[in-house]
Amino acid sequence: MNHGLKKHGFRSPLVLVVALLFLWHCREEAPVKSSAGLPEIQAVHVPRAWNINATQPARVQLDGAHGDGPSALYSAEMDVRDAAGKTIYSGTLWDDGGYNSASGDVLAGDGVFRNRFLPADITDDKGDYTFVFRLYDKAGQVARRDTGLIVFGNDAPPVLYDFSAPDILPSASPPVNFTVVAGDPDSLTEIVSVQLDILTNGRTVLPEPKKMDISSVENDRATYTLTVDSSLAAGKKGSYQLAVWATDAFGVTSDSIFKTIELENESGRIVATEMADQVQRPSGAGSYVLVPVTARVSDPQSLADVDSVYFYSRKPEGQLANSGKPFPMVDNGLPFDINNPFTAAGDAVAGDGTYTLTTLIFNDADPGVYVFTFYMRDKTGQLSAAVSDSIEVLP
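Below, the structure is given as structure tokens:
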């Protein structure tokens, strides 16, 4: 049991003594003249639950400010008090840019003070504690802030059972459920999240893990469910690994459960195109007429799988326009702007699957039939079947 005062866990005694003497000496040498500004603790960041069994330190952070700027700040300290108000631990937070290797501070002199502490170095007694922070400036003025109750406990990790997911997610699949059963030796209420990730070669392919929600509770176990459809395969094709894990209030995670899944991904298609059948070539020198061109697309994995929509234009004499390069279309909802025609292309509604490019027919355009050939490329690189449409420029 630990009932006494502990000092500056997570560094050697000799370094602590030298650091404390240095800080005390500097404080004595600091100017005592009152500053026009005052130190202020804008925020403190402390984990709400500390696992005494943890082998990794937890980060504590104080966001400080001063009326005369962060350079007027001097030091930050932290006490931990038990339910009786007795200080059982004291520590220092650093704004040293990581000069003290244990602190985890990033940028020196920015007013953000950090340090990392092992829970068992603070106390090995379960219970509720309060963290008390002090921020000093170079004039000896001090700001104080207390936290609410912080829990210390001997935590056991959550446990997962019975992960269920299909072996194959077909293209254009209707909604299906991924489920997993979770429990916690301490209390089911300690589980704060169950998450699922998709991996390839050990790396995630999702922007962030997907949260699973409780769908039922029975005795000391809960079933968590994630409903997905074929949009899960947007940008993906082939064999992937599902990983699911639970996290409790102490930040402790369960062992992950893994399952292989085959994600099918079929190419999308151009549903319809729309453009004028004919347009009269303008007569005035340098003049032009605007001709909106649209293509409506679909994809079995949802519109999230669409990478690009574009067309090639073949002139009446048979040569490709634009030096043979495609004309990209957009679905961004921006009205036409002649100064930025390939981005502000006259699209009506963003994200509706209708892609637009407003073309310009100038007075010197060759008369005749122009053939536009449209394609959609998905995020796995698959192309749709080509769709052609045409417009006749009248002389």
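Start counting the sequence shown at 18; every next residue gets the next number (our numbering).
Heads up, the beta-carbon is just placed ideally off N, CA and C, and yes, glycines get one too.
Close CB contacts of P352 within its chain, under the 7 Å cut and outside five residues either way in sequence, are with A361, G363 (chain order).
In this structure, M393 lies away from V310, with their beta-carbon atoms at least 8 Å apart. Where A137 is concerned, the enclosing alpha helix (DSSP H) starts and stops at 136-139.
DSSP, reduced to helix, strand and coil, places A250 within a helical segment of the structure shown.
Sixteen is the threshold: since fewer than 16 other Cβ atoms of the shown chains lie within 10 Å of the Cβ of K103, the residue is exposed. N68: member of the beta strand (DSSP E) spanning 66-68, first to last residue.
According to the DSSP assignment, Y91 belongs to the beta strand (DSSP E) that extends over 90-98.
Within the stretch 285-365, the runs of beta strand (DSSP E) that reach at least 3 residues and sit entirely inside it are, in chain order, 286-291, 295-297, 305-315, 323-331. Going by DSSP, W262 is part of the beta strand (DSSP E) stretching over 255-265. Between L216 and Q158 the beta-carbon gap is near 52 Å, outside 8 Å, which marks them as no contact. With a cut-off of 8 Å on Cβ pairs, the stretch 176-183 is not in contact with the stretch 123-137, counting fewer than three such pairs. For the pair A75 and T242, the Cα-to-Cα distance works out to about 31 Å.
Nearest C-alpha to V63 among Y91, L166, P174: L166.
The distance from the Cβ of D127 to that of S120 is about 13 Å, inconsistent with a contact at the 8 Å cut-off. Rounded to the nearest whole angstrom, the C-alpha separation of L79 and T140 is 21 Å. DSSP places T397 in the coil class of the three-state scheme, outside both helix and strand. Between F169 and M95 the beta-carbon gap is near 15 Å, outside 8 Å, which marks them as no contact.
By the Cβ rule, the stretch 244-254 counts as touching the stretch 180-196, because three or more pairs are nearer than 8 Å. Just so you know, the alpha carbons of T290 and V366 end up roughly 16 Å apart. Within the model, the alpha-carbon separation for S325 versus S233 is close to 42 Å. For E279, the uninterrupted beta strand (DSSP E) segment begins and ends at 274-280.
With at least 16 other beta carbons inside 10 angstroms of its own, D201 counts as buried. With respect to the C-alpha of P343, the residue from G219, Y329, G301 having the closest C-alpha is Y329.
At the C-beta level, S273 and V288 stay beyond 8 Å of one another. Remark: C-beta atoms of V209 and A266 approach each other more closely than 8 Å.
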